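The structure appears right after this line, and notes come after that.
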Amino acid sequence: MSTVTGTALQTSYPNYTFGTKETQPEEDPSVVARLKRLEEHYEQHGMRRTCEGILVCHEHNHPHILMLQIANAFFKLPGDYLQAEDDEIQGFKHRLNERLAPVGSQFSGEGVNDEWEIGDTLAQWWRPNFETFMYPYLSAHVTRPKELKKLYLIHLPKSKVLSVPKNMKLLAVPLFELYDNTARYGPQLSAIPHLLSRYNFEFVDEEGNVSAATPGGDPSFLPIRVLSKEENGNETMNGNVKHEEQVNGYGAQGAA
Numbered sequence: 117m118s119t120v121t122g123t124a125l126q127t128s129y130p131n132y133t134f135g136t137k138e139t140q141p142e143e144d145p146s147v148v149a150r151l152k153r154l155e156e157h158y159e160q161h162g163m164r165r166t167c168e169g170i171l172v173c174h175e176h177n178h179p180h181i182l183m184l185q186i187a188n189a190f191f192k193l194p195g196d197y198l199q200a201e202d203d204e205i206q207g208f209k210h211r212l213n214e215r216l217a218p219v220g221s222q223f224s225g226e227g228v229n230d231e232w233e234i235g236d237t238l239a240q241w242w243r244p245n246f247e248t249f250m251y252p253y254l255s256a257h258v259t260r261p262k263e264l265k266k267l268y269l270i271h272l273p274k275s276k277v278l279s280v281p282k283n284m285k286l287l288a289v290p291l292f293e294l295y296d297n298t299a300r301y302g303p304q305l306s307a308i309p310h311l312l313s314r315y316n317f318e319f320v321d322e323e324g325n326v327s328a329a330t331p332g333g334d335p336s337f338l339p340i341r342v343l344s345k346e347e348n349g350n351e352t353m354n355g356n357v358k359h360e361e362q363v364n365g366y367g368a369q370g371a372a
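So the number in my numbering is just where the residue sits in the sequence shown, counting from 1, plus 116.
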């Protein structure tokens with residue numbers, strides 16, 4: 117798929133391989149524990165920096181976002197917080213490798229596995245206090261924010277191997293499913309269609325031919341596609357999905 121804005125052209129293709137790797141348990145068992153760890157980080161290093169990636173693919177000529185679903189309960193983008201000493205882009209690439217690169221490939225030198233092309237910064241979300249709420253702006257009275265999360269557009273290459281931890285699912289969620297759906301996905305994820313509205317898309321098939329382009333016709337109903345499922349093989353989508361903040365302090369109103 118290509119995205120076009122002005123004279124800029126970004127191209128990605130549907131030639132991806134999905135696998136699984138060992139479980140990656142969440143660091144914090146609860147919201148309280150996560151906020152406590154954030155407070156400890158702030159006392160030692162100052163504001164926490166977090167980076168997450170928006171990876172766009174396509175299905176039936178409609179853009180989809182690759183997301184991780186944990187415990188059949190909440191959704192998050194690939195990425196994580198950075199170490200205090202990390203360069204932002206290099207630290208972000210390392211986090212993407214930890215989450216999605218096949219085992220043993222992080223230092224293999226094979227571009228199909230370990231190379232990430234970081235694109236535009238699409239959004240910044242601020243955490244003003246040691247609370248679950250995050251905002252797409254920083255109020256004038258907040259001089260010491262506790263966390264800054266940046267969302268980056270990731271340019272996917274012609275082919276790539278993605279390996280997902282066994283305790284997570286990799287989902288391809290269509291834009292129209294995300295749009296205005298804060299009840300299910302929270303304000304950060306449901307805002308992604310707005311963030312991508314600046315781009316025009318060209319959809320490239322497996323032979324490298326442009327099969328469609330936007331603007332186009334209205335998409336028909338497309339279900340969320342499970343690309344990589346949990347170890348127990350359960351692909352059921354629970355309609356009563358918990359918000360991340362109910363599980364470990366991330367999603368819904370003020371996703372972390």
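Glycine is no exception: its CB is placed at the ideal position from the N, C-alpha and C atoms.
Just so you know, these numbers come straight off a predicted model, no measurement behind them.
Compare the C-alpha of M284 against each of L267, Q199, Q185 and H310 and name the closest. Q185
Grab the span of the alpha helix (DSSP H) containing H180 for me, first residue to last. Per DSSP, H180 belongs to no alpha helix (DSSP H); it is in the beta strand (DSSP E), H178 to I186.
Is it right to say E156 is buried, meaning 16 or more other beta carbons lie within 10 angstroms of its own, or is it exposed? exposed
Spell out a yes or no on whether the region 285–302 and the region 198–206 are touching, meaning 3 or more CB-CB pairs, one atom from each, closer than 8 Å. no
L287 versus L193, A149, G162 and Q140, residue with shortest Cα-Cα distance: L193
Determine the extent of the alpha helix (DSSP H) in which P303 is found, giving its start and end residues. T298 to S306
Test item: CB-CB of L312 and L267 under 7 Å: no
When K209, L269, E143 and F246 are compared against G162, the one with the closest alpha-carbon: F246
Return helix, strand or coil for H310, following the three-state DSSP convention. helix
When DSSP labels each residue in this structure, what does K262 get in the three-state scheme? coil
Between the alpha carbons of H359 and F191, how many angstroms are there, rounded? Residue confidence for H359 is low, a pLDDT of 44 falling below 50, so the modelled location carries little weight; the figure read from the coordinates is stated next. Computed Cα separation, rounded: 8 Å.
Check whether the Cβ atoms of V289 and I181 sit closer than 7 Å, and answer yes or no. yes
How is the alpha helix (DSSP H) around Q160 delimited, first residue to last? V147 to H161
Run through the DSSP bridge pairs and tell me what Q240 is partnered with. K266
Excluding five sequence neighbours on each side, which residues of the same chain lie with their C-beta closer than 8 Å to the C-beta of T133? S275, K276, V277 and L278
Thinking C-beta only, is G220 closer than 7 Å to H271? no
First through last residue of the alpha helix (DSSP H) which encompasses H210: E204 to L216
Using 10 angstroms around the beta-carbon of P218, count the other beta-carbons present and answer buried if the total reaches 16, otherwise exposed. buried
Own chain residues within Cβ distance below 7 Å of A294, not counting five before or after: Per the sequence shown, the amino acid found at residue 294 is Leu instead of Ala. Counting only Cβ-Cβ distances below 7 Å, and skipping sequence neighbours, we find I181, Y301, L305, S306, I308 and P309.
Leaving out the 5 sequence neighbours to the left and right, which residues in its chain are closer than 6 Å to K209 when beta-carbon positions are compared? W232
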